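A.B. asks: To start, I am sharing the structure in question, which I have written as structure tokens.
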Amino acid sequence: MEREKAVVVDANKLIAAFLKNGLIRRIIVLSGIKLYTIEQVLEEVNEHKDELLVKAGIDERVYNLILEDILLPHIAVVEGRWVMDVADEAREISRGFDPDDWPVIALALKLGVPIWTNDKKIMEASRSTRKFGAITTHELLEMLVEL
Numbered sequence: 851m852e853r854e855k856a857v858v859v860d861a862n863k864l865i866a867a868f869l870k871n872g873l874i875r876r877i878i879v880l881s882g883i884k885l886y887t888i889e890q891v892l893e894e895v896n897e898h899k900d901e902l903l904v905k906a907g908i909d910e911r912v913y914n915l916i917l918e919d920i921l922l923p924h925i926a927v928v929e930g931r932w933v934m935d936v937a938d939e940a941r942e943i944s945r946g947f948d949p950d951d952w953p954v955i956a957l958a959l960k961l962g963v964p965i966w967t968n969d970k971k972i973m974e975a976s977r978s979t980r981k982f983g984a985i986t987t988h989e990l991l992e993m994l995v996e997l
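Residue numbers (this note's numbering): 851 to 997.
Below, the structure written as structure tokens:
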């Protein structure tokens, strides 16, 4: 039996899906792939809320609608404490490029699924450490075609 297709969604993908009703949002809402993120990603998105409201040209009501009613029903949000057993390893991996990325890396390590990202530093860390996977939007689309 084939393993279910799944990815960890990083903050940049969630922000991209929020800002524009484009490809990223369609993948999240329509692809049927199992999507995970960690609660720290939602915290990061909410930290940029005022900036996102301006960039998207929307008010707080629409912000909440997009996030809570359109995007999050398709993404399993995992509590940060669930990955604490791999936190040290994830921190060590992310230390070389962005220490704030450790929760996403920890979730990928814990679940054994790739991070969906176009972040070059995460992609390079994936290749150099071989401890977690990372997949670009293009690669994800190729994977979806195979389903």
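We treat Cβ as the ideally placed atom computed from N, Cα and C, and that holds for glycine. Since the structure is predicted, the reported quantities are computational estimates derived from the model, not experimental observations.
(1) Quick one: what's got a C-beta closer than 6 Å to Asp973's C-beta in the same chain, skipping five residues either side?
(2) Given a threshold of 16 other Cβ atoms within 10 Å of its Cβ, counted over all protein chains shown, does Met851 qualify as buried or as exposed?
(3) Does Val927 pass the burial test, meaning 16 or more other C-beta atoms within 10 Å, or should it be called exposed?
(4) Should the region 931-946 be regarded as contacting the region 906-921, the criterion being three or more beta carbon pairs within less than 8 Å?
(5) DSSP on Val933, reduced to helix/strand/coil?
(6) How would you call Leu991, buried or exposed, if buried means at least 16 neighbouring beta carbons within 10 angstroms?
C.D. replies: Taking the definition as stated:
(1) It should be noted that the sequence gives Met, not Asp, for residue 973. Cβ neighbours of Met973 beyond the five flanking positions: Ala984.
(2) Because Met851 carries a pLDDT of 32, less than 50, the predicted location of this residue cannot be relied on, and the following value inherits that uncertainty. It is exposed - the Cβ of Met851 has fewer than 16 other Cβ atoms within 10 Å.
(3) Exposed: under 16 other Cβ atoms inside 10 Å.
(4) no
(5) helix
(6) Leu991 should be labelled exposed.
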